[in-house]
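The sequence shown lines up with residues 1 to 639 when you count with the numbering used here.
C-beta atoms are modelled at their ideal positions from N, C-alpha and C, and glycine is treated no differently.
Keep in mind the model is a prediction, meaning the values are calculated, not measured.
Everything below concerns the one structure shown next.
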Amino acid sequence: MAAAQDMALNMLNALNAQPGAALTTLLAAHPTPQRLFRARCAEWGALPALRCKRRGLWQGFSWAQYYEHVRAVGLALLELGYQRGEVVSVLAENRPEWLFADLGAICAGLIGNGIYPTASAEQVLHVLVDSGSVLLFVENQEQLDKVLAVRDRCPALRQIIVLDREGLRGLTDLQVGYFDTLVQRGFALAAGPDGPQNAAAFDVAIDAALPGDISFLVYTSGTTGEPKGAMISGANVIAQIGQAPAYLDAAAGDRTLSFLPLCHIAERMASVYNPLSVGLVVHFPENSGTVFNDLREVQPQVLFAPPRFWEKLHSQVTLFMRDAIAPARWVYARALADAEQRHRAALHGSGALTATTAPIAPSAVERLLATLAFHHLRRFLGLAEVKTALTGAAPVPPDLVRWMLALGIELREAFGMTETCGFVSATRPGAVRLGWAGVPGPGIELRLGVDDELLVRGPNVFAGYWGQPQKTSEAIDAEGWLHTGDCAEISAQGELAIRDRLKDILITSGGKNITPSLIENLLKFSPFITDAVAVGEGRRFITALIMIDPEQVARFAQESQVPYTDFASLACAPLVVALIAEQIELANQRLARVEQVKDFRIIDQLLTAEDEELTPTMKLKRKLVLRKYGTLINSMYPD
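Put into structure tokens, the structure is as follows:
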């Protein structure tokens, strides 16, 4: 078996050596994600596709097994009478069953949809009602309880399928079924006397899909109102799969880790559809709390994460080095300074790291120090074998990029949004430019509209908002340009830089335009600050609301013998306030005078995704925060 897998991998890598032509031909022959999925599973058969960790042990699924489970779900749903075009939702953490349920429904002709596992019962209600979901897969008893609390207000919902039976064996509810029973029925349909006929019916359902059909919905984060269901067509997905080889340095069998919510467009593309392009093996952590440990075990070659994830790694190292012995601290500091100096010279001016501005070659001493400082550190972080490290979804602090380069990892920035099927542009390997998100993919057009708003047109632009034609027409104009709402810059070389959301740009009472994301990202680079909101619209100067990192600040408090009883008392402790003031002053040194934060307040409650201030993706709802904490803000402007 191992020899057969090695031979298949060698053949696949030979094809991937020239991905453009081979992939283009494949996508032309299989122009929908359903047909491409079937073709890849048949082609790669015994090769590994998915791995998940259960009770400390890794379990795997080959591509053939992947397809069999998806088909089993699809056949069972067809037998239950679900109709093409109906919506099926999944409310669960990342796990193989999420993919089996979602793809099974999509291949059977239904429309997939994901719900954030951190969503409250009312947020779940909104998505179920707005999408008109007829079937919902839930992970466990906790998620089931949310749905049972609101199901009486979900008129379209006919059935709930639970993935994990634990704690529910005594439940009797005619509307609730179980995933293992559903899959067993699907396998029986495929293996029984009518197996060939049923398999043929599944193939017919796959072949009936057209490129323009809606494959799945992705609900927006809801920072400016109720979340809207973005309709992603099969053509959108195929277009993005075709883009993947241009910005992914990956080969067949390379590992990736799936830990961002699968209902988010970026993770859905990264874990479900990009593997169909290059043959990645997707690994699922045991749970959300074990991600960093599982990252060390997996040592992925491809890793996408938002800036906050990479900042968390930097914070871990920074605080770890504080407790290290003196020689280790010296070696790390010296190696870091040497590496940053070399890359700073290469990044000077345009900020581009290119072949013509390569870093200065390190000396023998510098190579030794770098090996001592960074070799084991990369393995400890789980980044020893990374070939593609991508980040996006928020502006990236330049110091974070410099730190990663010092470690020997090129952290490349990408830009995309739900309405562009997750991708617009990405930095190509060897072309890092601080503050820029690379060039658009082939066939994607960019231009600037009024107030430098970024407009996007191409096969990646979504089909509109589910059930909201008015919102759709506001987003996509008559010429097919998507109005992103982002203030952007496009270089002479076609590179894209996102400066901020248009609606978030602050205009002070003195008429100065301030980009709050620049200030906020400098603040969030501190290991003690989780999030920040810059304030200053119509004001004389800039202030900030701060969310502290409870883990790191609590550690500081213990080391500094700061007494506290709860989060609120920790947030208002004088030494903690002084610590945050120091972090703000460090950020101010990097800002122009008009941008500097003159005062701040710490939000003294620990916010979670269930709080109204945060979206399910843990983004602060700026307008709501400004309104809710108006009194706190006014205290910083006494005159």
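Any Cβ of chain C within less than 8 Å of the Cβ of residue i?
{"i": "A235", "result": "Of the chains in the structure shown, none is chain C; there is only one protein chain."}
Return yes when the Cβ of residue j is within less than 8 Å of the Cβ of residue i, no when it is not.
{"i": "Q561", "j": "L319", "result": "no"}
{"i": "V461", "j": "L434", "result": "no"}
{"i": "P459", "j": "G443", "result": "yes"}
{"i": "G485", "j": "K512", "result": "no"}
{"i": "G416", "j": "A266", "result": "yes"}
{"i": "I161", "j": "L174", "result": "no"}
{"i": "K598", "j": "S221", "result": "no"}
{"i": "T615", "j": "K621", "result": "yes"}
{"i": "T543", "j": "I603", "result": "no"}
{"i": "A650", "j": "G45", "result": "This structure cannot speak to residue 650, because the chain is shown only from 1 to 639."}
{"i": "Y82", "j": "L110", "result": "yes"}
{"i": "L626", "j": "I584", "result": "no"}
{"i": "S133", "j": "V70", "result": "no"}
{"i": "L579", "j": "A534", "result": "no"}
Just how far apart, CA to CA, sit residue i and residue j?
{"i": "A149", "j": "A22", "result": "50 Å"}
{"i": "L168", "j": "D180", "result": "13 Å"}
{"i": "A370", "j": "T388", "result": "21 Å"}
{"i": "Q243", "j": "G441", "result": "6 Å"}
{"i": "V424", "j": "V456", "result": "8 Å"}
{"i": "F100", "j": "Q605", "result": "39 Å"}
{"i": "V331", "j": "K312", "result": "22 Å"}
{"i": "A14", "j": "E43", "result": "Note that A14 has pLDDT 42, beneath the 50 cutoff, so the model's placement of it is unreliable and no number is given."}
{"i": "V218", "j": "I206", "result": "21 Å"}
{"i": "E97", "j": "L163", "result": "7 Å"}
{"i": "A355", "j": "W436", "result": "Residue confidence is low: A355 scores 40 on pLDDT, short of 50, so the model does not pin down where it sits. No coordinate-derived value is stated."}
{"i": "S635", "j": "C572", "result": "15 Å"}
{"i": "F292", "j": "V317", "result": "13 Å"}
{"i": "E613", "j": "R308", "result": "18 Å"}
{"i": "L353", "j": "I409", "result": "Because the pLDDT at L353 is just 46, under 50, the model does not fix this residue reliably, and the value given afterwards should be weighed accordingly. Cα to Cα, the separation comes out at about 13 Å."}
{"i": "A199", "j": "S315", "result": "52 Å"}
{"i": "E701", "j": "D152", "result": "Any question about residue 701 goes unanswered here, given that the chain covers just 1 to 639."}
{"i": "L12", "j": "L50", "result": "Confidence is the limiting factor: at L12 the pLDDT is only 43, short of 50, which leaves the residue's position unreliable and the question unanswerable from this model."}
{"i": "R38", "j": "G104", "result": "11 Å"}
{"i": "L47", "j": "F61", "result": "9 Å"}
{"i": "A488", "j": "D399", "result": "21 Å"}
Going by DSSP, what residue range makes up the beta strand (DSSP E) through residue i?
{"i": "W310", "result": "Element bounds for W310: not the beta strand (DSSP E) but the alpha helix (DSSP H), 307-322."}
{"i": "Y219", "result": "214-219"}
{"i": "H483", "result": "482-490"}
{"i": "D531", "result": "529-535"}
{"i": "G229", "result": "229-233"}
{"i": "L454", "result": "453-457"}
{"i": "L257", "result": "255-257"}
{"i": "T543", "result": "542-548"}
{"i": "L135", "result": "135-138"}
{"i": "A373", "result": "Neither: A373 is in no beta strand (DSSP E) and is coded neither H nor E."}
{"i": "R268", "result": "No beta strand (DSSP E) contains R268, which is instead part of the alpha helix (DSSP H) from 265-268."}
Starting from residue i, trace the alpha helix (DSSP H) both ways and give me its first and last residue.
{"i": "I325", "result": "No alpha helix (DSSP H) contains I325, which DSSP labels as neither H nor E."}
{"i": "H126", "result": "121-131"}
{"i": "V278", "result": "275-278"}
{"i": "V577", "result": "574-588"}
{"i": "L36", "result": "33-44"}
{"i": "K524", "result": "516-524"}
{"i": "H376", "result": "376-381"}
{"i": "G630", "result": "630-634"}
{"i": "R296", "result": "291-298"}
{"i": "K146", "result": "141-150"}
Out of the options, point me to the one whose CA is closest to residue i's CA.
{"i": "P275", "options": "G177, A252, A239", "result": "A252"}
{"i": "S288", "options": "S258, P527, T508", "result": "S258"}
{"i": "L407", "options": "C487, A414, W310", "result": "W310"}
{"i": "W466", "options": "V291, Y637, S233", "result": "S233"}
{"i": "G630", "options": "K619, T608, R601, D611", "result": "R601"}
{"i": "S131", "options": "I214, G192, Q184, A250", "result": "I214"}
{"i": "R412", "options": "I633, L496, R539", "result": "L496"}
{"i": "M269", "options": "T420, A324, Q141", "result": "T420"}
{"i": "Q596", "options": "L624, T608, P516", "result": "P516"}
{"i": "L135", "options": "Q184, A92, D549, L77", "result": "L77"}
{"i": "P306", "options": "F525, A42, F541, R540", "result": "F525"}
{"i": "T608", "options": "P550, P574, A534, A587", "result": "P550"}
{"i": "F541", "options": "V533, T508, Q558", "result": "T508"}
{"i": "L248", "options": "V386, P638, A191, L372", "result": "V386"}
{"i": "V204", "options": "Q34, T565, V88, L303", "result": "Q34"}
{"i": "A576", "options": "A554, A592, R165", "result": "The question names Ala, but residue 576 is Val in the sequence shown. Here the closest residue by C-alpha is A554."}
{"i": "G510", "options": "R501, A250, G538, I490", "result": "G538"}
Item checked: Any beta strand (DSSP E) of 3 or more consecutive residues that is wholly inside the region 45-118 -> 48-54, 57-62, 87-91, 111-115
Notebook entry, point to check: What residue ranges within the region 392-477 form continuous beta strand (DSSP E) runs of no fewer than 3 residues, ordered along the chain?
Noted result: Complete beta strand (DSSP E) runs here, min 3: 411-415, 445-448, 453-457.
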